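Below is one structure, written out as structure tokens; comments come after it.
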Amino acid sequence: MIDPFTSTVRGMTEPNPVFAALREGGPVVVADAPAGGPVWIVTDEDLAKEVLSDPRIVKDPAMAPLDWDPFKAGLEPTAAQRPSLTTMDGPAHTALRRAQAPLLTGKRIREQQDRIEELARDLLSSYSGVVDLMADFTTRYPLTVLLDMMAIPRENVDRAVDGCRQMFAGDQFGAIQALMDVAATARDGGIAAELRDRMPPDTPEEEVRYHLFGLIFASQVTTDTALGFVIARTLGTSDGDPVEETLRQNPPAPFSLWRFTAEPIDLAGMHLPERAPILVDIGGLGLTFGAGPHFCVGAQLAQAELRGVETVLRRDFPSARLAVPYEELQQIVLGGIGGSRLKELPVVLR
Ligand code: HEM
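Numbering (the working numbering), first residue to last: 699 to 1048.
Printed below as a string of structure tokens:
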């Protein structure tokens, strides 16, 4: 049986064997879910697009298998506990998208491109000697950019970095609280205040802050891992475009987030009961930012940051180089929906 959930270490240039195995397994592959029972993994592109838009397949963790431990399964709070883009479905989700999507349109992001590059240049300039860019930069930079757009004072970036690290250490409640506290410091004039204005006037402040937490965390966890590969490729190889190759070969979200059947359904000739967990192999299918109503709201920002760092390295740090051979870099494959992250990225910038 294919096991996409085990954490492993691979060389930078080694292909992911799980992608290939899933391809050969047919349009829907059944695997053992880490929290118990089966998971149905969709590997066919047309079927994937259907699944990502099917109203009978929902994101609310309230519909997870009843015997799953939400912590072991890494589930988000349910939509009733914490309304959010990633856990709501149907008209309530559409209304929330209408409030959030205008904050991060391509036009808005293009207007920020100089600022996005300036922040990368400033942060990279603060390091000297041999620096492991995975130790601080890749975590800090996406947070610096988004907090800047949210008009959250710069001194809060350290708290946001700590909050994200809390999440990786398994303290979901602590991390949510830390990032909501950071969101609470937003001033007028940024996209945080704009989101508050776009929400219905009776929306509790706590709920707005949870949406801001969602944006902050979703932007950090994905861009962090992608940045490592983009920088490694920019400095270590002339094969292909560093941003495009990274999004294709090292997608930060190799699988969709969890989905569950709200009623029994048939999928590619298989019968799935109610509460069946489904993942879509979006990495293997090249749907890096997803598809359908939950398509990534930050896709433009993510690409602007990745391209911005590549541009800044080439333009402002012309003698930057890897401190180890490109082929010797190693990636930790987190397993499951987590993607891969370079273990270390030692670089000399000047
Ligand atoms: C390279 C970086 C990124 C990748 C590969 C990525 C990928 C994805 C994918 C695949 C989804 C859909 C998940 C699903 O349907 O189950 C998604 C959703 C989402 N992304 Fe991203 N993302 C990235 C960066 C960002 C950034 C920078 C932000 C915020 C500023 C962001 C915010 C979100 C949000 C809020 C959702 C939920 C949308 C919804 O459910 O309606 N992402 N992302």
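Glycine is no exception: its CB is placed at the ideal position from the N, C-alpha and C atoms.
Since the structure is predicted, the reported quantities are computational estimates derived from the model, not experimental observations.
Asked                                                                                                                                                            : Found
Quick one: does the C-beta of Ile-929 sit closer than 8 Å to a heavy atom of the ligand HEM?                                                                     : no
Are there three or more Cβ pairs, one per stretch, closer than 8 Å when the stretch 754 to 762 is compared with the stretch 953 to 964?                          : yes
Quick one: measure Cβ to Cβ for Val-928 and Leu-1004, integer angstroms, because I've assumed they're closer than 8 Å.                                           : 5 Å
For Phe-866 and Leu-1043, what's the separation of their Cα atoms in angstroms?                                                                                  : 19 Å
Per DSSP, which one or two residues make a beta bridge with Gly-990?                                                                                             : Beta-bridge pairing links Gly-990 to no other residue.
Using a Cβ-Cβ cut-off of 9 Å, state whether Leu-802 counts as contacting chain C.                                                                                : The structure shown contains no chain C, having only a single protein chain.
Helix, strand or coil: how does DSSP classify Thr-883 here?                                                                                                      : coil
Work out the CA separation of Asp-922 and Phe-703 for me, nearest whole Å.                                                                                       : 20 Å
If you scan the stretch 796 to 836 from start to end, which runs of the alpha helix (DSSP H) of 4 or more residues do you find wholly inside it?                 : 804 to 809 and 811 to 823
Got a sec: does the ligand HEM put a non-hydrogen atom nearer than 8 Å to the Cβ of Ala-997?                                                                     : yes
Where do the N-terminal and C-terminal ends of the beta strand (DSSP E) with Met-968 fall, by residue?                                                           : 968 to 970
Closest to Phe-1015 by C-alpha separation, out of Glu-816, Val-978 and Ala-890, would be which residue?                                                          : Glu-816
When you compare only the Cα positions, how much space is there between Pro-940 and Pro-971?                                                                     : 42 Å
Pull the bridge partners of Pro-736 from the DSSP assignment, please.                                                                                            : Asp-730
Report, in whole angstroms, the separation of the C-beta atoms of Leu-801 and Ile-874, which I expect to be a contact under 8 Å.                                 : Going by Cβ atoms, the distance from Leu-801 to Ile-874 rounds to 20 Å, so no, they are not a contact pair.
Use the C-beta contact count for Thr-803: other C-beta atoms within 10 angstroms, 16 or more gives buried, fewer gives exposed.                                  : exposed
On the premise that Ile-914 lies in contact with Leu-821, defined as a C-beta separation below 8 Å, what is that separation, rounded to the nearest angstrom?    : About 17 Å separates the two Cβ atoms, so there is no contact after all.
For Asp-742, which residues of its own chain have a beta-carbon under 6 Å away from its beta-carbon, when the five flanking residues on both sides are left out? : Pro-725
Determine the closest residue to Ala-916 out of Phe-717, His-992 and Asn-714, with distance taken between C-alpha atoms.                                         : His-992
Using beta-carbon positions only, say whether Gly-734 and Pro-759 come within less than 9 Å of one another.                                                      : no
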